[in-house]
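Residue numbers (my numbering), protein chains in the order written: chain U, 1 to 325; chain F, 1001 to 1325; chain W, 2001 to 2325; chain C, 3001 to 3325.
Beta carbons are placed, not taken as given, at the ideal position from N, Cα and C, and that holds for glycine.
All values reported here derive from a predicted model rather than from experimental measurement.
Each remark here refers to the structure printed beneath this line.
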Amino acid sequence: MREITVREALRESLRYNLAHNDKVFLAGEDVSVVGGGMGVSKGLIDEFGEKRIVDTPISENAIVGLGIGAALTGLRPVVEIMYIDFVTCCADMILNQMAKIHFIFGGQVKVPMVLKTVSGTSGGNAAQHSNNFYPMFLNTPGLVVMAPSTPYDSKGMFNMAIEDDNPVIFIEHKRIYNIKGHVPEDHYTVPIGVADVKKEGQDITIVATQALVYDALSVAEDMEEEGISIEVIDPRTLNPLDKATIFESVKKTGRLIIADESCLNCGFASEVASSVAEEMFDYLDAPVVRIGSPDTSAPYSHPLELEYIPGKEEIREAIKKVKKI
Amino acid sequence: MREITVREALRESLRYNLAHNDKVFLAGEDVSVVGGGMGVSKGLIDEFGEKRIVDTPISENAIVGLGIGAALTGLRPVVEIMYIDFVTCCADMILNQMAKIHFIFGGQVKVPMVLKTVSGTSGGNAAQHSNNFYPMFLNTPGLVVMAPSTPYDSKGMFNMAIEDDNPVIFIEHKRIYNIKGHVPEDHYTVPIGVADVKKEGQDITIVATQALVYDALSVAEDMEEEGISIEVIDPRTLNPLDKATIFESVKKTGRLIIADESCLNCGFASEVASSVAEEMFDYLDAPVVRIGSPDTSAPYSHPLELEYIPGKEEIREAIKKVKKI
Amino acid sequence: MQISDKNNIELLRTMKRIRTFDETCQKLFVAGRIPGALHCYTGEEAIATGVCKVLEPSDYILSTHRGHGHLIAKGGEFKYMLAELFGKSTGYCKGMGGSMHLASVKHGILGANGIVGGGICIAAGVGFSIKYQGTDQVVVCFFGDGGISTGFFHEGLNLASIHNAPVVFVCENNLYSISMTSKRATGLDKLSTRAVSYNMPGETVDGNDILAVYESAYNAIERARAGKGPTLLEYITYRWRGHHAGEAGDGLFYREKKELESWKTKDPIRRYQALLLKEGKITEEKIEKMEMDIQQEMDDAIEFANNSPYPKAESIIELSMLKKE
Amino acid sequence: MQISDKNNIELLRTMKRIRTFDETCQKLFVAGRIPGALHCYTGEEAIATGVCKVLEPSDYILSTHRGHGHLIAKGGEFKYMLAELFGKSTGYCKGMGGSMHLASVKHGILGANGIVGGGICIAAGVGFSIKYQGTDQVVVCFFGDGGISTGFFHEGLNLASIHNAPVVFVCENNLYSISMTSKRATGLDKLSTRAVSYNMPGETVDGNDILAVYESAYNAIERARAGKGPTLLEYITYRWRGHHAGEAGDGLFYREKKELESWKTKDPIRRYQALLLKEGKITEEKIEKMEMDIQQEMDDAIEFANNSPYPKAESIIELSMLKKE
Ligand SMILES: Cc1ncc(C[n+]2csc(CCOP(=O)(O)OP(=O)(O)O)c2C)c(N)n1
Ligand SMILES: Cc1ncc(C[n+]2csc(CCOP(=O)(O)OP(=O)(O)O)c2C)c(N)n1
Ligand SMILES: [Mg+2]
Ligand SMILES: [Mg+2]
């Protein structure tokens, strides 16, 4: 079975869609020779040329506007915002335009575009390059928000993002680009709003996203030895959220931990925790536990950054808190 | 006892601070003759002149930049973003600069500024003028976020916002400007991070903000007749949040409803609900219930807008859900 | 520039239709029949009329919060517009958008916008898309003198320029953005000066002279259609009404009655009508008939809008996100 | 323009100090000693040096992601800078900010910025504040050719202009924003053309000619100090290194080696040194001594940074929000 990295999986999807649909193009800062912020589109300029792989000025509003205008007039644009930190520079185009046009026009048009960007704290990039700003996309109705963790999901979900008629925010994660996994060479899609149980278990449910999926799996494996059976659920699409799968699992385990890298206050973990507290209260046998970035800016200094990034340690502690005594 | 409106209370605070501290000025779109988006500063131009009451171009980035630059160099600016909907046009200045400068500079400077704006759905203003975008301020560490409901709190908290050395987002609400209440003529402040129990009760806790405080109080009064005693807590400051007061109440009632107008998904109600689900689980006797704007854009059409805005009906239904059977 | 007799009459009729529609709306607003924010175009009719007369049905426009005139001139029908303003399901946007989001995609009207400058970057995207698809369409982007101070203006014009995209940027300078004069907001005598920054031609034209508007628009649009790139046009005009229909006394608390009166003598409609009469291109009787027809159209529209049903509450949810068929 | 002998030597020394610092940092980065994103200023030293030489200690600067040179020229000390880059508690920002957030408020250095263009509106605010407070300070705002495409540029220059604020905007045009040439990003031959849009003088100057830089900056800064308003200066230069220290092969996959080589012959330091030698204003021995001193300063800084402790984990929380004393 062929194994490729998340980065390669994303590139494969981009290449496929560019090759099979001439309405698809990619635009963003340095997406051609440099391959964009994270090298995902590297090399595609040689195959598809400047018409399809469009470098833009440092004008985030114009990048998203380019996508919206093109989507409204029949194209299927993919635009890149180099880091999710810079969505603040085009927040209006995303939250008041891209997300709302279908609704405010009473359904006259669709806005089939993908905004790809990258989230996550890593490598001393400091506070303005370590934000996990996606909760604002969840709090603004109208956007599909995807956040895959594996190479398989990355390819299938990127294909789906381009195919879907809704505006999609596609969130990559800095720390997992080089992770390898099986990815079929054929074209396939991963459906929107369907979570994936990355590991089945009986005692505790962990809903984890992106890099934290790996941390959760690793801790879960360790816990097997201690006789604790953990179920790890990767929601994959953050909006619409597959609550059914999460609820099913909580019904079984009665214990829930959510591990997501956005800041805790009004973050993604809050949404999952409160949905369960509302709708699955009777099945809960222990308090839910949220794991996320602490409610401070990300520090630059290496040892502090390591403390700041949520990971295995926080998961282990959370397990202690919720586990059957 | 003197009764004045929320609008007058805010103006009184602005006037006091302008008169007593020449480092304070107000800048924003049409803040002079028009008095800003909601008429709060109307008339102040006659008392304080153009130096202190500064009309700006439609340049939200520049408005916030003006505040930051002035705050960094010794002034205490108050800037107005006409509607909270337009914070998307200066999100970077708020989320990456204003919120972070104190932290990323290692505490070398403070950024003592107030950004005042108005939230809430009302009067057919439609989707781009009905947003309740403050959860993004809660999800971004570094900002004090205030959201008063009464005339008394409005004046005391605005005074506090100007006095405090942190950057403060001060959120007014469209539907409560004309509500009257007692406001002392003397100068006073309402402390940051201290909730107010607007009504004591034994059976159910409702945490409510801004316009929903009034809905909650009104429903609570009706419920007294049915023999249900409801405690209504107004957090007043959304960040830092006075969890202690909320937790104390939940300890007593075992039942929690949160009513806040931001959209449900990752909204303020999610934060309160999940904090309680985490830390007060053992005291909860029923599922928590979140009330917020539904996860769609705000419709223009009047009857639909009325359906869209959360209010007494939703509170009554929530009470049915959580009440002791 | 030669204009056919038929077109001469059409220009007059369109201006009169716009005037009738907006003056009627102003009254309906005051009578409480239209909610929300309504911005009348009275006094500025020559701009939309002259510009859109040059356009083909397949061309696009992006409009503003003061957009009724643009819609009518591009082919929008009174009855669906008014039904929208009444929040009815028969409106162009099914009652979801209202005045600030009026759109008729089949007419190439890609929407009014509640965000000042919000359409500019989208227009650049539409221009990019036209070029990408190789059609000979053109997109016209309207915005006010206030819009020229937004970051959108800068990013959008630059993007259109470097792609040599077929976009005509039309700045409707009615001298005020709410209460702020364009001179105070920019320090410039001519806003079209800013074209230099984007390497495109810029021209300032009397916006109350329909023939001058038509001619300048014709040149710019033909230039764009011929692949020669974007243009910035500034039309000087004046609004007769308040900033919005609810503003006290036609905004005479921040502008001089004398100024308003002097601009009323420059009424673009009376001016053009006098010319046509003088040149014998129209008769008093024909004008009377024209006005009666327009009034009939307006009356019919009121009846249509009155008799139309409100949208069903479910449509909020249906429109919130596209479902996969 | 006459420059004193002392100042001639100082200009040379400052350029050499910047060169040494950044070339050392480049090596330390490659050796894994500095994390995060490091953007070297090598080749561009004349700009920061010439501009800051004109400034008084009480004047302000806003810097960029490529900001080490600005800091050094404005009085920043190697050891606290390097300690910051090492993430140590003795750094200017206590290790919280790193390279992209370097600031020394006591030197008037109001921060590097990780957001391209992020300092421009803040600078306008500082200019406003200086005028408000009636001092004779000046603020210089640095940004790259990439920064000129951001909405911040437009809004910030306009605001500074209409307030006639003492701001000097310095565009460091090193021909590239990452891989995008400034010509491709703007279509302009001279970026200073854009000054016209803001009714301010604009000038394009050889940024590798320290005397030309000094003279143009002198004129602009004195103009600002005299209350005559802002200026836009464009300095043409070239970076010798990759966009960031981790970029492969000094960015030679998107730019020509020939181009880099030809710019190396225009080295601002060698050029000026040769002039001073020729004019007998310095001797080879003095240069050698100067270089040894600088190397010593660098070595001391490394030792200082090495021996400094990392910040305590608690400082993340301490700095997250100011507490009331
Ligand atoms: C980004 C943004 N800021 C502020 C507003 C509030 N607002 C609505 S219209 C308006 C004035 C617009 O002036 P101009 O562009 O000249 O258009 P006009 O109303 O004169 O036609 C303002 C400030 C808004 N809608 N969007
Ligand atoms: C708003 C924003 N968009 C994108 C980036 C990513 N980025 C960092 S530096 C850079 C290029 C900057 O070019 P320029 O302004 O010319 O400065 P230079 O690096 O050439 O000194 C980019 C795109 C960013 N930091 N901020
Ligand atoms: Mg105007
Ligand atoms: Mg550059």
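Exposure of residue i, with buried meaning 16 or more beta-carbon neighbours within 10 Å
| i | result |
| --- | --- |
| Asn2307 (chain W) | exposed |
| Val2180 (chain W) | Checking the sequence, you will find Met at residue 2180 (chain W) rather than Val. Met2180 (chain W) is buried by the Cβ-count criterion. |
| Asn61 (chain U) | buried |
| Tyr1083 (chain F) | buried |
| Met1280 (chain F) | buried |
| His182 (chain U) | exposed |
| Asn125 (chain U) | buried |
| Lys1320 (chain F) | exposed |
| Gly74 (chain U) | exposed |
| Lys3053 (chain C) | buried |
| Asn1265 (chain F) | buried |
| Arg3225 (chain C) | buried |
| Phe105 (chain U) | buried |
| Lys3106 (chain C) | exposed |
| Glu3 (chain U) | exposed |
| Gly1267 (chain F) | buried |
| Ile2018 (chain W) | buried |
| Gln1202 (chain F) | exposed |
| Ile192 (chain U) | buried |
| His2163 (chain W) | buried |
Where the alpha helix (DSSP H) through residue i begins and ends
| i | result |
| --- | --- |
| Val1064 (chain F) | Glu1060 to Leu1072 |
| Thr3049 (chain C) | Glu3045 to Val3054 |
| Glu1005 (chain F) | Here the sequence assigns Thr to residue 1005 (chain F), which means Glu is not the residue at that position. Unbroken run through Thr1005 (chain F) is the beta strand (DSSP E), Glu1003 to Thr1005; no alpha helix (DSSP H). |
| Thr253 (chain U) | Lys243 to Thr253 |
| Glu50 (chain U) | Leu44 to Arg52 |
| Tyr2132 (chain W) | Ile2120 to Gln2133 |
| Cys3025 (chain C) | Asp3005 to Val3030 |
| Glu1279 (chain F) | Phe1268 to Glu1279 |
Span of the beta strand (DSSP E) around residue i
| i | result |
| --- | --- |
| Lys1180 (chain F) | Lys1180 to His1182 |
| Met3096 (chain C) | Met3096 (chain C) -> no beta strand (DSSP E), and no H or E assigned at all. |
| Asp234 (chain U) | Ile230 to Asp234 |
| His173 (chain U) | Val168 to His173 |
| Arg76 (chain U) | Arg76 to Ile81 |
| Asp138 (chain U) | First, the amino acid is wrong: residue 138 (chain U) is Leu here, not Asp. Note, Leu138 (chain U): premise wrong, no beta strand (DSSP E); alpha helix (DSSP H) at Pro135 to Leu138. |
| Met146 (chain U) | Val144 to Met146 |
| Lys3286 (chain C) | No beta strand (DSSP E) holds Lys3286 (chain C); the alpha helix (DSSP H) holding it covers Glu3284 to Asn3307. |
Cβ separation of residue i and residue j, assumed to be a contact under 8 Å, to the nearest whole Å
| i | j | result |
| --- | --- | --- |
| Tyr2310 (chain W) | Pro1303 (chain F) | 5 Å |
| Gln2137 (chain W) | Ile2130 (chain W) | 5 Å |
| Glu2172 (chain W) | Tyr2235 (chain W) | 6 Å |
| Gly3076 (chain C) | Gly3087 (chain C) | Actually they are not in contact, since the Cβ atoms of Gly3076 (chain C) and Gly3087 (chain C) sit about 17 Å apart, beyond 8 Å. |
| Ile1315 (chain F) | Asp1215 (chain F) | 6 Å |
| Gly3108 (chain C) | Ile3061 (chain C) | 6 Å |
Name the residues in the segment 2065-2097 of chain W whose C-beta lies less than 9 Å from a C-beta of chain U; which are they? Glu2084, Ser2089, Gly2091, Tyr2092, Cys2093, Lys2094, Gly2095, Met2096 and Gly2097
Contact residues within the segment 39-62 of chain U, judged by C-beta distance below 9 Å to chain B: Of the protein chains in this structure, namely U, F, W and C, none is chain B.
Taking a Cβ distance cut-off of 8 Å, strictly less, list which residues of the segment 104-120 of chain U are near chain W, in chain order. Ile104, Phe105, Gly106, Gly107, Gln108, Val109 and Lys110
Chain-ordered residues of the segment 9-42 of chain U with a beta carbon less than 9 Å from chain C: Glu29, Asp30, Ser32, Val33 and Val34
If the cut-off is 8 Å on Cβ atoms, which residues from the segment 123-142 of chain U count as contacting chain W, listed in chain order? Pro141 and Gly142
Residues near ligand 4, CB to any non-hydrogen atom under 7 Å, in chain order? C:Gly3144, C:Asp3145, C:Gly3146, C:Glu3172, C:Asn3173, C:Asn3174, C:Leu3175, C:Tyr3176, C:Ser3177 and C:Ser3182
Check each residue of the segment 3123-3135 of chain C: if its Cβ is closer than 9 Å to any Cβ of chain F, include it; give the result in chain order. Ala3123, Ala3124, Gly3125, Val3126, Gly3127, Phe3128, Ser3129, Ile3130, Tyr3132 and Gln3133
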